[in-house]
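The next block holds one structure in the form of structure tokens; read it before the comments.
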Amino acid sequence: MKRQILLVVLFLVVAPIHAAEETTATKAVGVTATASEATIKVGGSASALRTGLPEAVTFSGNVVVNATVVTDPALPTSVTLFVDGKGLRGIGNETGTVYINSCEANLSRLFRPTDKIVLTFAFFEEKTGAYLKSKTGELTINLTYDEKTRKLTGATGSVQALDAAGTGTP
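Under the numbering used here, residues 35 to 204 are what the sequence shown spells out, in order.
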């Protein structure tokens, strides 16, 4: 009978300790995440020479930026960005051809009060199979954050096309 009592006592003592360890391990101490969003009106143009198309293309539309700043006492402060540029449209200056794009990106970066992001994306005519003849656009976004609140306070952007050889700004 002494063995049975001893086993029960050990079980009662071990079980609460094990449960406390699980609770402590799953709770992150001092980690905060601050989310904010900005919608940017973006515009720009690309000459026929830069795109390799028979006409210049003018881009305009909205780009949505979601930023989540994460502070962790054990790591440098970082920001995770989701950029949705699918609201951008290009219009051919001579034919009126509509160009759509594939501009979406997830980025992780160190947090800084100002940040410049340069993304490339494919753009192509809005018709079946046109993505096979896509051209390359470049989206530049400038972000500013409030250092205290860790929220976005400003966002601007511009769009252009890379030249047919794939090099950057003229």
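Ideal placement from N, C-alpha and C gives every residue a C-beta, glycine not left out. For clarity, every value in this text was computed on a predicted model and none was experimentally measured.
Query, Result
"Expected contact under 8 angstroms - CB spacing of I134 and V99 to nearest Å", "With 8 angstroms as the limit, I134 and V99 do not qualify as a contact, their Cβ atoms being about 19 angstroms apart."
"Heavy atom of the ligand MN within 8 angstroms of A69 beta-carbon", "Ligands displayed in this structure: none; no statement on the ligand MN is therefore possible."
"Segment contact flag, the stretch 143-163 with the stretch 104-116, C-beta cutoff 8 angstroms, min 3 pairs", "yes"
"Contact check, E172 vs F155, beta carbons under 9 angstroms", "yes"
"Whether T213 touches V152 by CB criterion (9 angstroms)", "Nothing can be reported for residue 213, as the shown portion of the chain is limited to 35 through 204."
"At least 3 beta-carbon pairs within less than 8 angstroms: the stretch 90-105 vs the stretch 173-188", "yes"
"T170, enclosing beta strand (DSSP E) - first and last residue", "K169 to Y179"
"Where L109 sits in the DSSP three-state scheme", "strand"
"Member of E160, G119 and E71 whose CA lies at the smallest distance from the CA of S192", "G119"
"Limits of the unbroken beta strand (DSSP E) element including T68", "T66 to A80"
"Host beta strand (DSSP E) of G191 (start-end)", "L186 to A195"
"Close Cβ partners of P107 (< 8 angstroms) along its chain, the five nearest in sequence each way excluded", "V63, G64 and V65"
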